[in-house]
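J.: First the structure, then my questions, so here it is.
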Amino acid sequence: MMNMINKNNMENKTTHLEEELALLEADLQAHYCQIGKEILDMVESEKGKINDLVDEIIKLKKKIAVLNNEIECPWCMAYNLSGSQYCKHCGEKLNAIERVGEE
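The opening residue of the sequence shown carries number 0 in numbering that gives the first Met the number 0; numbering runs sequentially from there.
Structure representation (C-alpha cells):
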C-alpha cells in the first residue's frame, strides 16, 4: 500500500514538473517569435534606407565614370579606362562605344 502511495505521489510530481516545463517552453517559444517579428520589422524599415544609399552610390560612381570618360562593361558593370580592350574585372571584350552615360 505504501509503495502505491509513493508511486502515485511520484507520478503527480512528475506530471506537475512536466506541465511546468511545457509552460516554460511555450513562454520561450513566444519570446523567440516576438524577437523574430521585431527583427523582421527592423529589417523591413532599414531595407528602404539601404536601397536609397546604394542607389545614390551608384549614381555618384556613374557621374565619376562619365567625367573620367570610362567604359562600362555590359557583362559585370565594372568601369574601365577608356582605351581598354577587355574588362579589368571579368575579362570580357569591351566595345569602345559603350561609354558610361551614352545609354
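Don't be surprised by glycine CBs; every beta carbon is placed ideally from N, CA and C.
This one's a predicted model, so the numbers in the text were calculated from it and none came from an experiment.
#1: How do the stretch 64-72 and the stretch 81-92 stand: do at least 3 beta-carbon pairs fall below 8 Å, yes or no?
#2: If we ignore side chains and look at the alpha-carbon of each, how far apart do residue 85 and residue 45 end up?
#3: Quick one: is residue 102 buried, meaning 16 or more other Cβ sit within 10 Å of its Cβ, or exposed?
#4: Which same chain residues, not among the five before or five after residue 83, have their C-beta less than 8 Å away from its C-beta?
#5: Looking only at its own chain, which residues have a Cβ that is under 6 Å from the Cβ of residue 16, when we skip the five neighbours before and after it?
#6: Take residue 54 and list the residues in its own chain whose beta-carbon comes closer than 6 Å to its own, dropping the five residues that flank it on each side.
#7: Leaving out five residues before and five after residue 106 in sequence, what residues of the same chain have Cβ atoms less than 8 Å from its Cβ?
#8: Where residue 2 and residue 30 are concerned, what is the direct C-alpha to C-alpha distance, given to the nearest angstrom?
#9: Three-state secondary structure (DSSP) at residue 87?
#10: How many angstroms separate the CA atom of residue 6 from the CA atom of residue 22?
T.: Straight from the coordinates:
#1: The stretch 64-72, when compared against the stretch 81-92, does touch it at the 8 Å Cβ threshold.
#2: When rounded, the distance between both Cα atoms is 38 Å.
#3: Note that residue 102 scores 47 on pLDDT, short of 50, meaning its location in the model is unreliable and no value can be drawn from it.
#4: Cβ within range, chain order: 70 and 93.
#5: Cβ neighbours of residue 16 within its own chain (closer than 6 Å, five residues either side excluded): none.
#6: So the list is empty, once near-sequence residues are dropped.
#7: In the structure as shown, the chain begins at 0 and stops at 102. Residue 106 is therefore absent and cannot be evaluated.
#8: Rounded to the nearest angstrom, the gap between the Cα atoms of residue 2 and residue 30 is 42 Å.
#9: Under the three-state reduction of DSSP output, residue 87 falls in the coil class, being neither helix nor strand.
#10: For residue 6 and residue 22, the distance between alpha carbons rounds to 24 Å.
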